[in-house]
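Under the working numbering, the first residue of the sequence shown is numbered 153, with each subsequent residue one higher.
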Amino acid sequence: MKRPPISGSRLHHYSKGGQLTFKYLNHRTGEKEMLTLAAEDLICRLIEHIPDKHFKVIRYYGFLSNRRRGEMLPKVYDALEMESKDAPALPCYASMLKKYAKVDPYECLFCRDRLEFVSFRAGESREELIRQTVLEGQLRSA
């Protein structure tokens, strides 16, 4: 969904006579100015920005298009003699949990030893998982 053509924070005053006052950036002077328009005039100005039915809005094209960006952007960097930017490494689940919740998901609740991920079981409570883990440990040691 696209953003609205004029944000609510820019609207300043609406009079009962249908006059609307709002702030805008005057690109000629580079300063913010106030403008008062009749509601019909404002609607006419906004309608100009609505694309025709079935009109395809293109955000990026050329070497920045989604389809070509991966193969063309390194070539553009080479042509401009720029260093290509590597994608930042994504943090893993365990490091995010350690950072925000101060919990190591790979640490055993009983012996504090390092765990190895084997499988995932959804829908069980923590107590049920602990009980089942204790049972499995007893069966292994017997």
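Glycine is no exception: its CB is placed at the ideal position from the N, C-alpha and C atoms.
Residues near residue i by beta carbon distance below 7 Å, same chain, minus five either side
i, result
"residue 158", "174"
"residue 177", "184"
"residue 201", "157"
"residue 196", "none"
"residue 297", "The first residue shown for the chain is 153 and the last is 294, placing residue 297 beyond what the model contains."
Close beta carbons around residue i, own chain, < 6 Å, minus the five adjacent residues each side
i, result
"residue 286", "none"
"residue 192", "none"
"residue 155", "none"
"residue 243", "none"
"residue 271", "none"
Integer-rounded CB distance, given that residue j should sit under 8 Å from residue i
i, j, result
"residue 226", "residue 217", "In fact, because the Cβ distance is near 15 Å, the residues do not count as touching under 8 Å."
"residue 172", "residue 189", "6 Å"
"residue 256", "residue 246", "7 Å"
"residue 228", "residue 215", "5 Å"
Under the three-state DSSP convention, the category residue i falls into
i, result
"residue 250", "helix"
"residue 266", "strand"
"residue 259", "strand"
"residue 291", "helix"
"residue 172", "strand"
"residue 242", "coil"
Residues near residue i by beta carbon distance below 8 Å, same chain, minus five either side
i, result
"residue 266", "258, 259, 260"
"residue 282", "261"
Exercise. Taking only runs that begin and end inside the region 178 to 237, name each unbroken alpha helix (DSSP H) of 4 or more residues, in chain order.
Key: Here the runs fully enclosed are 191 to 199, 221 to 231.
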